[in-house]
Amino acid sequence: MDNKIKEAEDFIIYDYKIPFSTRLQKQFFWPVYRYKVSISGFSFGVLNLFEYFMLKFIASAGKDKLKLKSLTGMQEDLIDFLQQKLTNKGYLDDNFYINKKGLSILSEIDEKENEENLDREPYFFYIYIDSFTKNILPVIIPIEEEKVIQSTITQEGKSLIVFEKQSSVGKQNENDTKKIWAFDFPQNYNSDINKEEVEQLVIKSMKDGKIPYQENFKVETIEESAEKVYLAVHFILQEGNTKKWLITEGFSSDFSTIFNPEYLNDAGKEEVTKSRDYMIHKSLNIPDKIQETMPNDIVEKLTPYYQYPQIFEKLKQIEISKAGLDKIGKIDTSDKQEESKNKKKDLISNLYQVMEWSFFHSAKNIQGKNSILKELKNKSPLEIKDKSLKIMKKHKLDIIEKYKNNLKVKYGSIEYSLKEDSDKQLIPLLVFHIIAESERFIILMNKNPQLINDFILFTYLRNPAEHNENINIKQEQIDLYYDTCYSVLEFLFPTLKSSKDIISKNFYFFTETESQIHKKRFMAQKVVEEKLGFGLQNKLAPDIYQDMVNIEKFFINSDQNNINPNIIKNLYNIFDKIFMHINQNISTPQKIIKVNECLEKANSVGFDVDRNELKSFERINKERLQKAVENKPVSLQSSFLVFLFKIDKKILRKISKEMSNLLFIINNISNLRGHGDILIIKQKKGALLQNTIRDAHILLYDFTKKAYNLNII
């Protein structure tokens with residue numbers, strides 16, 4: 004960390020979205036290498052890339068910023084900037100509507116698009132290579148759109164730098180300074196980046212909506228000499244997660260290499276580790292100042308929820324009101340009665356908000372959330388109600404007739420409640436859980452069939468309480484909703500343990516066995532997130548992610564030398580899915596696939612290929628292989644051979660450097676699963692089975708992460 008910031012050409016930042024609530028802890032600069040690449044197929048004459056597509060969207064969708072933001076994914080300030088530029092160029096009128104000149108230039112560009120053999124000027128982009136891992140970062144930026152930090156940056160000591168002016172990553176006050184870590188560039192950097200990798204990055208970026216789609220593009224040149232630049236990123240601790248969760252949003256995935264000892268000298272390692280541990284302790288533990296204001300038993304009870312700031316603050320207020328209410332008891336004076344009414348109103352309002360925030364956080368873990376929202380988008384409140392009731396009937400969930408209309412909610416209310424910065428609404432969140440058929444939520448409802456009715460009645464009590472109106476509620480109801488609140492929290496966040504049993508005997512969801520099953524699943528999800536990194540985990544296809552969770556459940560509380568042999572079927576299926584997923588995004592060569600040629604290709608790039616040991620591949624006939632080329636499900640061996648057939652050799656060589664035994668592991672999985680009876684295999688080939696399980700388990704994450712870094716998954 005003996006930083007030499009003068010080596011850097013620029014200090015940059017790029018846009019990102021964080022798919023979860025965070026507690027921003029520490030900013031730093033990470034050294035990356037910047038390459039300029041030229042790509043043909045993105046040139047639009049007098050308009051640059053973003054101007055052209057903004058004009059296209061305005062022509063078809065109008066000038067409304069919110070609509071343009073939804074269609075393009077651009078921020079409002081960028082939309083405003085582009086509208087101003089297009090107006091200054093004369094393509095929009097003063098009200099930002101497209102005019103005749105704008106329509107004319109679009110027509111000219113579209114005509115040229117259709118001309119064959121058109122010689123175009125290439126368009127220039129920046130791509131970035133991590134200086135340590137040599138991975139291409141998942142971003143490509145037109146050079147004129149790169150965001151350079153316009154601050155005076157000076158060095159202080161060996162590892163700290165200082166912002167001296169306001170900037171997008173500095174403090175708000177212009178006179179303030181901000182100390183930030185900067186990591187030194189490694190020595191002897193070299194990278195063998197090639198056009199095929201850049202093409203894969205372009206394809207991935209177009210699919211992710213980061214750059215506009217172009218069918219006929221070509222990577223023309225990659226600048227040989229790279230520039231040293233610093234990228235502003237952050238240590239992030241995710242709200243509600245364990246101390247193992249420390250990631251940066253700047254790379255869109257987990258970046259554990261920051262703490263790798265080989266990248267830090269002893270002094271730097273000690274400094275980073277000490278600061279990290281301090282940040283984690285600070286984020287997971289109630290500060291002493293706050294602890295001093297609460298009894299010890301309440302501190303213990305609320306500590307697990309300190310990770311969720313909104314929930315913690317409301318629980319703190321609930322405990323204060325509850326203690327005050329219990330103290331008042333049945334004292335029958337007008338003053339005490341009035342005080343009791345006020346505390347009841349506060350309790351109901353705060354308990355309700357805890358439920359809202361709890362189901363908001365629960366919704367984040369629902370697989371396929373965006374596709375469910377898309378399905379609901381054009382449905383009326385009545386259609387949403389009918390869909391909810393149909394699903395409730397399917398799962399035998401009860402609802403009182405007079406409460407059914409409460410499920411008649413607007414799509415906009417559901418969408419709004421799922422946003423980070425919105426006011427949450429309990430009933431729309433519950434309706435979303437019903438329609439999503441959230442597994443945990445359905446179990447929750449089955450365990451207490453009256454719960455949905457209780458929540459709706461809760462709404463009737465909460466609304467007047469929120470508006471400071473008198474409510475008629477008995478102490479027994481207060482106790483019920485108080486117990487309900489903590490029980491739901493315990494259910495939704497099963498790994499957060501308090502020192503006391505907070506589930507009342509009148510409101511118990513799980514038998515001990517059921518509780519262990521659900522905690523096991525939750526632990527498996529944590530393992531997957533830890534191994535993949537939160538960003539990559541969220542980018543995986545939902546079925547692949549779920550298969551990984553199911554695989555990890557085999558390993559929870561198991562003898563690592565005697566894993567359940569049935570896992571070999573799960574490993575077989577997930578590798579088959581992964582290769583099919585990759586294959587569908589790669590173009591098919593104009594030749595016939597042959598097993599021998601696929602294996603020879605693997606051998607030529609450095610994989611261990613012993614034909615005597617790879618018999619499972621020899622058994623695939625050409626008819627089944629051709630079906631696999633068409634991406635039809637056939638077998639793991641077939642999808643893997645198609646992967647070898649389609650993937651570029653330069654990319655394949657990078658994979659072979661880190662996992663040269665890939666073919667042997669896939670072969671062994673296929674052979675063992677192909678025998679059918681796992682019990683016979685266990686008796687006859689026990690050692691091979693356990694070794695293959697261990698090797699395949701490691702390979703699963705290594706290959707997935709490598710494929711992500713190579714932009715092929």
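Take the sequence shown: its position 658, counted from the start at 1, is 661 in the working numbering, and no numbers get skipped.
A virtual CB, placed ideally from N, CA and C, is assigned to each residue, including glycine.
Within its chain, find whatever has a CB closer than 6 angstroms to the CB of Asp579; leave out the 5 residues flanking it on each side and keep chain order. Hits under 6 angstroms: Leu639, Ser642.
What residue ranges within the region 621-654 form continuous alpha helix (DSSP H) runs of no fewer than 4 residues, ordered along the chain? Entirely contained in the region 621-654, the alpha helix (DSSP H) runs reaching 4 residues are, in chain order, 625-632, 639-649.
For the beta strand (DSSP E) that Asp133 lies in, which residues bound it at each end? Asp133 -> beta strand (DSSP E) spans 126-133.
Which of the three DSSP states is assigned to Tyr36 in this structure? Here Tyr36 sits in strand by DSSP.
Tell me whether Tyr192 sits in a helix, a strand or coil according to DSSP, three-state version. In the structure shown, Tyr192 falls within a coil segment according to DSSP collapsed to helix, strand and coil.
Exposed or buried, Val40, counting other C-beta atoms within 10 Å across all chains shown (16 or more means buried)? So Val40 ends up on the buried side.
Determine the burial state of Gln528: buried for a count of at least 16 other Cβ atoms within 10 Å of its Cβ, exposed for fewer. By the 10 Å Cβ count, Gln528 comes out buried.
Endpoints, the beta strand (DSSP E) within which Asp13 is located: Counting along the chain, the unbroken beta strand (DSSP E) around Asp13 starts and ends at 13-16.
Would you mind stating whether Gln203 and Ile654 have Cβ atoms separated by less than 9 angstroms? Taking 9 angstroms as the Cβ cut-off, Gln203 and Ile654 qualify as a contacting pair.
Any idea if Gln540 is buried or exposed, counting beta-carbon neighbours within 10 angstroms, 16 or more meaning buried? Buried, since its Cβ has 16 or more Cβ neighbours within 10 Å.
Go ahead and pull the three-state DSSP assignment for Lys503. Residue confidence for Lys503 is low, a pLDDT of 34 falling below 50, so the modelled location carries little weight; the figure read from the coordinates is stated next. DSSP places Lys503 in coil when its eight states are reduced to three.
On the criterion of 16 or more Cβ atoms from any shown chain inside 10 Å, does Arg697 qualify as buried, or is it exposed? Answer is exposed; the Cβ neighbour count stays below 16.
What does a CB cutoff of less than 7 angstroms around Val412 pick up in its chain, not counting 5 residues either side in sequence? For Val412, where only same-chain residues beyond five positions count, the Cβ hits under 7 angstroms are Pro384, Ile387, Ile430, Pro431, Val434.
Can you round the beta-carbon distance between Pro307 and Phe186 to whole angstroms, since I take them to be within the 8 angstroms contact cut? The Cβ separation is near 34 angstroms, so there is no contact.
Express the C-alpha separation of Thr462 and Glu469 in angstroms, rounding to a whole number. Inter-residue distance for Glu469 and Thr462 is about 10 angstroms (C-alpha atoms, whole angstroms).
Determine the direct distance from the alpha carbon of Glu533 to that of Gly160, and round the result to whole angstroms. Legend: pLDDT at Gly160 = 46, less than 50; position of this residue unreliable, no value from coordinates given.
With 16 other Cβ atoms within 10 Å as the buried cut-off, status of Asn599: With fewer than 16 Cβ atoms within 10 Å of its Cβ, Asn599 is classed as exposed.
Alpha helix (DSSP H) containing Val434: first to last residue? Per DSSP, Val434 belongs to the alpha helix (DSSP H) from 429-438.
What separation, rounded to the nearest whole angstrom, lies between the Cα atoms of Phe648 and Asn381? About 43 angstroms.
Could you say if the region 341-358 and the region 314-331 meet the contact criterion of at least three C-beta pairs nearer than 8 angstroms? Enough Cβ pairs lie closer than 8 angstroms, so yes.
Are there 16 or more other CB atoms within 10 angstroms of the CB of Leu106, so buried, or fewer, so exposed? Exposed is the call here.
So, do the region 484-491 and the region 353-360 have three or more beta carbon pairs nearer to each other than 8 angstroms? Contact check between the region 484-491 and the region 353-360: three or more CB pairs, one atom from each, fall below 8 angstroms, which counts as touching.
Please report the distance separating the alpha-carbon of Gly415 from that of Phe362. Taking the straight line joining both Cα atoms gives about 17 angstroms.
Is the distance from the Cβ of Tyr311 to the Cβ of His364 below 9 angstroms? It is a contact, given that the beta carbons lie within the stated cut-off.
How many whole angstroms separate the CB atoms of Ile132 and Tyr36, which I take to be in contact at a CB cut-off of 8 angstroms? Yes, they are in contact, since the Cβ atoms of Ile132 and Tyr36 sit about 5 angstroms apart, within 8 angstroms.
Which class does Pro592 belong to by DSSP, given the choice of helix, strand or coil? DSSP places Pro592 in coil when its eight states are reduced to three.
8 angstroms Cβ shell around Phe60 - same chain, five flanking residues per side excluded: In its chain, beyond the 5 residues on either side, Leu71, Leu74, Thr75 have a beta carbon closer than 8 angstroms to the beta carbon of Phe60.
Whole alpha helix (DSSP H) runs in the region 354-410 with 4 or more residues, listed along the chain? Listed in chain order, they are 372-379, 384-397.
Beta-carbon separation of Pro43 and Glu124 under 9 angstroms? Going by the sequence as given, residue 43 is Ser instead of Pro. By the CB criterion at 9 angstroms, Ser43 and Glu124 fall inside the cutoff.
To which residues of the same chain is Arg524 closer than 8 angstroms at the C-beta, ignoring the five residues directly before and after it? Val552, Lys556.
Measuring CA to CA, which of Tyr38, Gln587, Asp401 is closest to Leu454? The residue with the shortest Cα to Cα distance from Leu454 is Asp401.
Separation of Asp113 from Lys709, as counted between CA atoms: Taking the straight line joining both Cα atoms gives about 39 angstroms.
Nearest-angstrom Cα distance between Leu460 and Lys68? For Leu460 and Lys68, the distance between alpha carbons rounds to 39 angstroms.
In its own chain, which residues sit with a C-beta less than 8 angstroms from the C-beta of Asp546, not counting the 5 before and 5 after it? Take Asp546, set aside five residues on each side of it, and the residues of its chain with a beta-carbon closer than 8 angstroms to its own are Lys580, in chain order.
In terms of alpha-carbon separation, which member of Asn219, Lys213, Ser194 lies closest to Ile225? Checked all of Asn219, Lys213, Ser194; the closest Cα to Ile225 is Ser194.
Alpha carbon to alpha carbon, how far is Leu249 from Asp300? Here Leu249 scores only 41 on pLDDT, less than 50, and its place in the model should not be relied on; the value that follows carries that caveat. If I take the Cα positions, the gap works out to 30 angstroms.
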